[in-house]
Amino acid sequence: MLMAVERIMNMMKLGIIAEEYTLEYFQQIKDRGLECVEFCIYSNDSDPNRHINFLEKLDEIKANLQVTGLFVASVGRWGGIKLIENSGMNEVEIKIDKMLIDATAKLGAPVYVTGCNYIEATSLFDNYRNTIGYFNYLVEYGKSKGIKIAVHNSRWNNYIVSYASWSAILSNVKDLYIKYNPSHCIYNGDDYLNEMAKWGNRIIHIHLTGSLRINGERYDDPPAGLDETNWPAFFATLYAIGYDKNLCIEANSNSSTWNGALYDKGIQYTIDYMKKFIL
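At position 192 of the sequence shown (counting the first as 1) the number is 1614 in our numbering, and the numbers step up by one without a gap.
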């Protein structure tokens, strides 16, 4: 009976990557029957300071979330940022990481997600060495704030994405975890169920994203549940590895089909579809 009670208490929670910070927007998420949100701070050369807007609105975000009763599943950072340079860690970018980890703690989220770029001008060994140093530093800082650090498996300016790099980096950074999204694995032609089974003990956060290939080529990013991912097998694997944490829907705007009039319908379809698997 005790095990059954623990199972219920540790049930997976379904949420979505937030695109706005307003009370009205959060209430819409709550009204959809979701329990949490995630904040992804995307940065690139054309918009390198998006984190500033997020940090400036932190008190407003926290207040709006409290009104709606939503919680924050994770905060993450993606994009063309150079966390590692030829000489080692980029101190400017590390400072931004630390500010975002502080924000993660302020919002009560358990996980901070990031990646790490590869330096072509140096050797694989030097890349591994510098990346291990970067993540060890970040993990220790995260511990001081009560935050766990996860590396995402997106290939957007990040090379810590699959078995070889996970083996090299995670074996040398004891408390580094994985934010997993099967679509990245699918588009790379790999086996996402095998990756989940082998690395399940390090998966701490999940993105639910639709993916569709035709003739082996990326064709569209439809809503999760209307795509080629074997979601029943995906969730069966999550239960087998004992995953009991958060799942956040990525309403992918890369699809021209599922923007505009179909956008909201696609999100609701995914919500209704995924809820069937959360027992």
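Backbone N, C-alpha and C define an ideal beta-carbon position, used for all residues, glycine too. Please read these numbers as outputs of a predicted model, since none were measured by experiment.
| Query | Result |
| --- | --- |
| Contact belief for R1454 with I1693 at Cβ below 8 Å, rounded distance in angstroms | 6 Å |
| Where N1552 sits in the DSSP three-state scheme | helix |
| Length of the line joining the Cα atoms of I1608 and V1573 | 18 Å |
| Cβ pair I1513, I1503 closer than 8 Å | Per the sequence shown, the amino acid found at residue 1513 is Glu instead of Ile. Not in contact: E1513 and I1503 (Cβ atoms no closer than 8 Å). |
| Exposure label - E1428; buried when at least 16 CB within 10 Å | In this prediction, E1428 has a pLDDT of 41, which is less than 50 and means its spatial position is unreliable; what the coordinates show is noted afterwards. With fewer than 16 Cβ atoms within 10 Å of its Cβ, E1428 is classed as exposed. |
| G1498, enclosing beta strand (DSSP E) - first and last residue | 1493-1501 |
| Secondary structure of C1607, DSSP reduced to three states | helix |
| Cβ separation of A1485 and C1670, assumed to be a contact under 8 Å, to the nearest whole Å | At roughly 21 Å, the Cβ-Cβ gap does not stay under 8 Å, so A1485 and C1670 are not in contact. |
| Near the ligand NAP: E1460 beta-carbon under 7 Å from a heavy atom | This structure lacks the ligand NAP, and indeed carries no ligand of any kind. |
| Cβ pair Y1685, G1647 closer than 8 Å | no |
| N-terminal and C-terminal residue of the beta strand (DSSP E) that E1639 is part of | 1639-1642 |
| Host alpha helix (DSSP H) of K1452 (start-end) | 1445-1453 |
| Buried or exposed by the 16-neighbour rule on C-beta atoms within 10 Å, applied to D1649 | buried |
| CA-to-CA distance, Y1602 to F1656, given in whole angstroms | 12 Å |
| Rounded separation between A1695 and L1436 - CA only | Ala is not the amino acid found at residue 1695; the sequence shown has Tyr there. If I take the Cα positions, the gap works out to 11 Å. |
| C-beta atoms of K1452 and T1490 nearer than 8 Å | yes |
| With 16 other Cβ atoms within 10 Å as the buried cut-off, status of I1569 | buried |
| Rounded straight-line distance, which links the Cα of L1492 to that of I1483 | 11 Å |
| Euclidean distance between Cα positions of L1522 and K1565 | 14 Å |
| Beta bridge counterpart(s) of G1682 as assigned by DSSP | According to DSSP, which records beta bridges pairwise, G1682 is partnered with nothing at all. |
| Alpha carbon of Y1443 to alpha carbon of N1539, nearest angstrom | 29 Å |
| Exposure label - P1645; buried when at least 16 CB within 10 Å | buried |
| Element boundaries [beta strand (DSSP E), containing R1635] | 1634-1636 |
| Own chain, CB closer than 7 Å to K1520, minus 5 neighbours either side, in chain order | Y1563 |
| Start and end residues, beta strand (DSSP E) containing A1572 | 1570-1574 |
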